[in-house]
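Accompanying notes for the structure given below.
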Amino acid sequence: MLNTFKKIFTVGIVTENYKAPHDAELETLGIEIKRRIDQKFTGSLAIRAVDAGSCNGCELEIHALNNPFYDVERFGIHFVASPRHADVLLVTGVVSRHMQTALLRTYDATPNPKWVIAMGDCASCGGEFGTSYANCGAVSNVIPVDMTIAGCPPTPLVLLKALLAIMEKEK
Amino acid sequence: MSWQKAFLSQLVETEIFVKSEQILPAVKLWQIDDKHWQRFAEIAAENKMRWAAGWAEQIDRQFYVHACFEKSGRYILLRATVNVSKPEIPSQATVYAAANRSERHTHDMFGIEFLNHPDPRCWTRHKAWGKHDYPLRHDFSVHGLPTEITPPDTGYHFIQSHGVGIYEIPVGPVHAGIIEPGHFRFQAVGELILNLEERLGYVHKGTEKIAEGRTPEGLAKLAGRVSGDTCVSHAWAACMAMEQAAGVEISLRAVLIRGIFAERERIANHLGDIGAICNDVAFTFAFMQMMRLKELWCRTNYELFGHRSLMDKIIVGGVAVDVTEAASKFMLTDIEQLRAELADLISAIDLNSSLEDRIYTAGYLSPETAAHFGTLGFVGRASGQDFDVRRDAPYAPYDSVAVKVAAENQGDIASRFWVRYKEINASMKLIEQFIEQLENLPEGDLVSNWQTPKAESYGLGIVDGWRGEIISYVRFGENNTIARFYPRDPSQLNWEALEKAVLNNIVPDFPVCNKSFNCSYSGCDL
Ligand code: SF4
């Protein structure tokens with residue numbers, strides 16, 4: 001137990017400060033807002049992550065948001081286990097046809113108002129995989145998308161900025 | 001190799017005639033008659049050969065069916081041909097459980113009938129294409145004929161259970177956490193898992209089909225996305241295969257850098273997963289600390305090489321980025337730091353009795369079961385499968401160093417945990433050795449000149465990724481384009497072993513059992 005406490009104290013707090021991005025910054029980060037809805041998510045944002053056909057590279061960076069450097073929960077952003085609890089669907093991957101119905105059902109199960117963020121090149125525009133017998137391509141080919149984040153995968157910092165942008169925007 | 005001679009004479013006794021050709025130092029191509037496909041497997045099993053991979057390809061009006069076997073670091077690439085008009089071949093899954101899903105995949109993609117296969121259900125195919133359509137045949141267009149909305153895959157016959165108090169838990173494809181999609185069907189009584197059946201294929205992205213017609217550069221990019229957490233090793237395996245086919249030698253400098261990147265990838269994943277195992281038993285301290293170390297490690301990747309997980313840094317003919325002297329220094333200090341941190345942390349984690357209570361004896365995979373399914377990587381190594389390509393069939397740069405392989409045989413979650421911890425240490429040593437070699441090296445080319453390979457030339461890239469042995473097959477067509485790409489991720493074999501490891505565990509322990517395997521869905525569904 002002593003070892004544990006010692007480590008906690010010697011490491012200290014590594015969490016970094018981040019601010020919501022300005023409009024101008026969004027573009028340089030590769031974040032694009034497709035549609036503005038006038039709903040407020042200020043203070044709390046519940047996210048349901050849906051892998052609709054990713055290579056799992058994007059998932060690694062979503063996981064990183066929960067590490068102590070980004071510590072996403074301090075902003076009121078948390079990942080929830082059911083779409084019924086979610087404000088935002090964070091969709092990764094080129095939508096595989098085998099996941100199409102699952103994605104549609106997840107979308108339907110998410111209460112209004114809701115935002116859909118397409119994270120990564122695959123989800124935003126099809127990326128390396130594109131449209132084929134196996135893939136529907138970009139998420140917007142299947143459900144309405146409100147925001148896209150470019151990158152393969154986007155870094156956790158860009159992802160965090162995108163989420164902060166949603167929360168700030170509606171103030 | 002003496003075992004190959006004995007094996008060959010045994011084959012001749014059984015009247016199986018083999019056309020043999022040495023295609024690589026560690027690999028022989030053996031061609032046999034299709035009717036002997038199963039009998040060959042029986043004799044191979046008697047000779048304790050490991051079934052490593054299986055795939056097919058279409059060349060004109062013929063299917064070439066392949067199976068890859070390994071023993072003592074020597075590989076046999078077995079091949080038989082069948083006619084497109086009557087695509088049948090006896091199944092090897094009757095002998096090797098490891099071949100089961102692979103043959104079902106080949107059936108779904110090519111329509112090759114594996115006679116007497118113990119499980120005739122589809123595997124990769126859900127409803128995105130018809131029962132009598134086969135995406136990897138030449139006459140199937142890459143766009144297929146999809147309906148506007150692909151219906152869900154209902155009607156898959158899961159194993160049924162009957163009896164008082166037995167209930168089923170269907171989970172997925174969309175899981176509760178941040179994780180890839182797949183379906184698990186549990187049969188349980190009380191909390192105890194009686195049976196688990198996996199149904200995967202949800203992230204089938206047509207990787208093999210969309211590889212066709214690509215340039216070598218394009219294939220390297222795609223290979224890096226077979227499974228994003230293994231982008232370095234998959235790209236390496238695919239590039240190795242392409243370089244063999246084209247007869248391109250890559251520089252020692254490039255090879256050392258590949259080695260450094262692959263070991264960095266191994267460390268990053270092991271750090272993250274050790275943390276995640278702790279998280280699944282609610283040991284947050286260890287989780288946060290490991291995630292912190294992983295983040296630092298990824299940041300170094302970004303600072304020095306421009307990408308947090310080193311995606312697209314392995315390119316055909318070499319590497320995309322150099323390791324400068326300054327970068328080497330940086331990495332060496334980084335390693336020192338990581339060593340010190342891990343020393344602190346592991347002693348704190350090791351002393352934690354509640355962690356011990358959860359991970360010892362849970363998720364037990366016996367050495368016999370592990371061998372049965374051809375289990376690979378740290379999962380296999382924790383269950384007595386003492387195999388590592390880097391040591392047993394070494395490729396450059398591993399042929400210039402001594403690779404220490406961590407092996408255990410307790411087979412539980414703790415065992416996998418400790419194997420992974422030991423692998424971090426071994427990888428750090430390897431990186432140090434590679435850096436040392438790099439320092440004594442005159443400046444060398446990062447990328448060798450590419451030569452257009454002859455049509456029909458092929459290569460087999462075999463590397464050890466962080467999940468274990470990766471086998472990547474590439475064949476070229478005309479004009480420098482890819483005609484066939486098949487990557488065998490270790491997950492394709494390890495998934496089946498997971499079904500057995502969770503038996504008689506309690507349902508709430510499934511997440512941590514699953515995490516201790518951490519198989520890739522993407523690498524399995526392709
Ligand atoms: S955007 Fe890149 S990292 Fe994300 S799922 Fe697609 S290929 Fe993988």
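Sequence order for the protein chains is B and Y. Be aware that the first sequence starts at 1, since it is given in the numbering used here, and climbs by one per residue. Be aware that the second sequence starts at 1, since it is given in the numbering used here, and climbs by one per residue. Backbone N, C-alpha and C define an ideal beta-carbon position, used for all residues, glycine too. Only a predicted model underlies this, so the values are computations on that prediction, with no experimental measurement involved.
What do you reckon, is the C-beta of B/P153 under 7 Å from a heavy atom of ligand 1?
-> Residue 153 of chain B sits at position 153 when you count from the first residue of the first sequence. True, at least one ligand heavy atom lies under 7 Å from that Cβ.
Could you round the C-beta distance between B/V14 and Y/R292 to whole angstroms and report it? I think they count as a contact, below 8 Å.
-> Counted from its first residue, the first sequence places residue 14 of chain B at position 14. Counted from its first residue, the second sequence places residue 292 of chain Y at position 292. Indeed, because the Cβ distance is near 6 Å, the residues count as touching under 8 Å.
Label Y/E368 either buried or exposed according to how many other C-beta atoms from any shown protein chain fall within 10 Å of its C-beta, with 16 as the threshold for buried.
-> Looking up residue 368 of chain Y in the second sequence gives position 368. So Y/E368 ends up on the exposed side.
Is B/C136 near ligand 1, with its Cβ less than 7 Å from a heavy atom?
-> On the first sequence, position 136 is the one that residue 136 of chain B refers to. Not one heavy atom of ligand 1 falls within 7 Å of the beta-carbon of B/C136.
Cα separation between B/R48 and Y/T207?
-> In the first sequence, counting from the first residue as 1, residue 48 of chain B sits at position 48. In the second sequence, counting from the first residue as 1, residue 207 of chain Y sits at position 207. Whole-angstrom Cα-Cα distance: 27 Å.
Expected contact under 8 Å - CB spacing of B/L26 and B/A165 to nearest Å = Translated into the one-based positions of the first sequence, residue 26 of chain B becomes position 26. Translated into the one-based positions of the first sequence, residue 165 of chain B becomes position 165. Beta-carbon to beta-carbon, B/L26 and B/A165 are separated by about 6 Å, close enough to satisfy the 8 Å threshold.
With DSSP run on the structure shown, which of helix, strand or coil describes B/L2?
-> Residue mapping note: residue 2 of chain B aligns to position 2 of the first sequence, counting from 1. Shown here, B/L2 sits in a helix according to DSSP, grouped into three states.
Confirm the yes/no value for this check: CB of B/E128, any heavy atom of ligand 3, distance under 7 Å.
-> Here the bound small molecules are ligand 1; ligand 3 is not part of this structure.
With a threshold of 16 other CB atoms inside 10 Å of the CB of Y/V527, please say whether the residue is buried or exposed.
-> Nothing can be reported for residue 527 of chain Y, as the shown portion of chain Y is limited to 1 through 526.
Should Y/L493 and Y/F378 be called a contact, given that it needs their Cβ atoms to be closer than 8 Å?
-> The residue you call residue 493 of chain Y lines up with position 493 of the second sequence. The residue you call residue 378 of chain Y lines up with position 378 of the second sequence. Going by C-beta atoms, Y/L493 is not nearer than 8 Å to Y/F378.
Is the segment 175-195 of chain Y touching the segment 103-113 of chain Y, taking contact as three or more C-beta pairs under 8 Å?
-> Contact fails: fewer than three Cβ-Cβ distances are below 8 Å.
Y/E263 CB to nearest chain B CB: under 8 Å?
-> For the purposes of this step, residue 263 of chain Y is taken as residue 263 along the second sequence, with counting starting at 1. Not one chain B Cβ lies under 8 Å of Y/E263.
May I ask you to list, following chain order, the residues of the segment 143-167 of chain Y that have a beta carbon less than 8 Å from some beta carbon of chain B?
-> Residues H143, G144, L145, P146, I149, T150, P151, P152, D153.
Host beta strand (DSSP E) of Y/M49 (start-end) = Stepping through the second sequence from its first residue, residue 49 of chain Y is reached at position 49. Premise fails: Y/M49 is in no beta strand (DSSP E) and is neither H nor E.
Considering only C-alpha positions, which residue in the set Y/F17, Y/I16, Y/H162, Y/N100 is nearest to Y/G54?
-> Walking along the second sequence from the start, residue 54 of chain Y turns up at place 54. Of the listed residues, the one whose Cα sits closest to Y/G54 is Y/N100.
Output, in sequence order along the chain, the residues in the segment 6-31 of chain B whose CB is closer than 9 Å to any CB in chain Y.
-> Cβ contacts with chain Y: K6, K7, I8, T10, V11, V14.
Among Y/S102, Y/Q31, Y/H66, nearest to Y/K19 - alpha-carbon criterion = Along the second sequence, read from residue 1 onward, the residue named residue 19 of chain Y stands at position 19. Among Y/S102, Y/Q31, Y/H66, the Cα nearest to that of Y/K19 is on Y/Q31.
Is B/F69 helix, strand or coil by DSSP?
-> Counting from 1 along the first sequence, the entry for residue 69 of chain B is found at position 69. In this structure, B/F69 counts as coil in the three-state DSSP scheme.
Three-state secondary structure (DSSP) at Y/L136?
-> Stepping through the second sequence from its first residue, residue 136 of chain Y is reached at position 136. Coil at Y/L136, not helix or strand.
Y/K205 touches chain B at which residues, Cβ-Cβ below 7 Å?
-> Taking the second sequence and counting its residues from 1, the one referred to as residue 205 of chain Y is at position 205. From the beta-carbon of Y/K205, the residues of chain B found nearer than 7 Å are G53, V94, S96, F129, A134, N135.
Nearest to Y/L304 (by Cα), restricted to the options Y/V316, Y/F330, Y/D386 | Reading the second sequence from its first residue, position 304 is the one you call residue 304 of chain Y. The candidate whose alpha carbon is nearest that of Y/L304 is Y/F330.
Taking all protein chains shown into account, decide if Y/E336 is buried (16 or more other Cβ within 10 angstroms of its Cβ) or exposed.
-> Taking the first residue of the second sequence as 1, we reach residue 336 of chain Y at position 336. In the assembly as shown, Y/E336 is an exposed residue. Its beta-carbon has fewer than 16 other beta-carbons within 10 Å.
For Y/D525, count neighbouring Cβ atoms within 10 angstroms of its own Cβ and tell me buried if that reaches 16, exposed if not.
-> Here residue 525 of chain Y is taken as the residue at index 525 of the second sequence, counted from 1. Classification of Y/D525: buried, given that the 10 Å Cβ count is 16 or more.
Would you verify that the beta carbon of Y/F17 is, or is not, closer than 8 Å to some beta carbon of chain B?
-> By 1-based counting over the second sequence, the position of residue 17 of chain Y is 17. Y/F17 does not count as touching chain B.
Minimum Cβ-Cβ distance from B/V50 to chain Y less than 8 Å | Counted from its first residue, the first sequence places residue 50 of chain B at position 50. So yes, B/V50 belongs to the interface.
Which partner residues does Y/D392 have in the DSSP bridge list?
-> The residue labelled residue 392 of chain Y in the question sits at position 392 within the second sequence. DSSP lists no partner for Y/D392.
Using the C-alpha atoms, what's the distance from Y/E408 back to Y/Y75?
-> Position 75 of the second sequence holds residue 75 of chain Y. Position 408 of the second sequence holds residue 408 of chain Y. Y/E408 has its alpha-carbon roughly 24 Å from the corresponding atom of Y/Y75.
Does the beta-carbon of Y/Y458 have 16 or more other beta-carbons within 10 angstroms, so that it is buried, or is it exposed?
-> If you number the second sequence from 1, residue 458 of chain Y lands on position 458. When all chains shown are included, Y/Y458 counts as buried.
Closest residue to B/L90 among B/Q100, B/P68, B/M99, B/Y107 (Cα-Cα distance) | What you label residue 90 of chain B is simply residue 90 of the first sequence in a count that begins at 1. The option with the nearest alpha carbon to B/L90 is B/Y107.
Run down chain B in chain order and give the residues with a C-beta less than 9 Å from the C-beta of Y/M291.
-> By 1-based counting over the second sequence, the position of residue 291 of chain Y is 291. Those within 9 Å of Y/M291 in chain B are H63, A64, N66, N67, P68, F69.
Would you mind reading off the limits of the alpha helix (DSSP H) that contains Y/S20?
-> Within the second sequence, the letter at position 20 stands for residue 20 of chain Y. Bounds of any alpha helix (DSSP H) do not take in Y/S20; it lies within the beta strand (DSSP E) bounded by 19-24.
CA-CA distance, Y/I277 and Y/F114?
-> Taking the first residue of the second sequence as 1, we reach residue 277 of chain Y at position 277. Taking the first residue of the second sequence as 1, we reach residue 114 of chain Y at position 114. Taking the Cα positions, Y/I277 is about 39 Å away from Y/F114.
Report yes if the CB atom of Y/E439 is closer than 8 Å to the CB atom of Y/S328, and no otherwise.
-> Here residue 439 of chain Y refers to the residue found at position 439 when the second sequence is read from its first residue. Here residue 328 of chain Y refers to the residue found at position 328 when the second sequence is read from its first residue. Yes.
Decide if the segment 58-68 of chain Y is in contact with the segment 81-93 of chain Y; the criterion is three or more beta carbon pairs, one per stretch, under 8 Å apart.
-> Cβ pair count under 8 Å is three or more, so yes.
Tell me, please, whether the segment 426-443 of chain Y touches the segment 200-214 of chain Y by the rule of three or more beta-carbon pairs shorter than 8 Å.
-> Between the segment 426-443 of chain Y and the segment 200-214 of chain Y there are fewer than three inter-stretch CB-CB distances shorter than 8 Å, so the stretches are not counted as touching.
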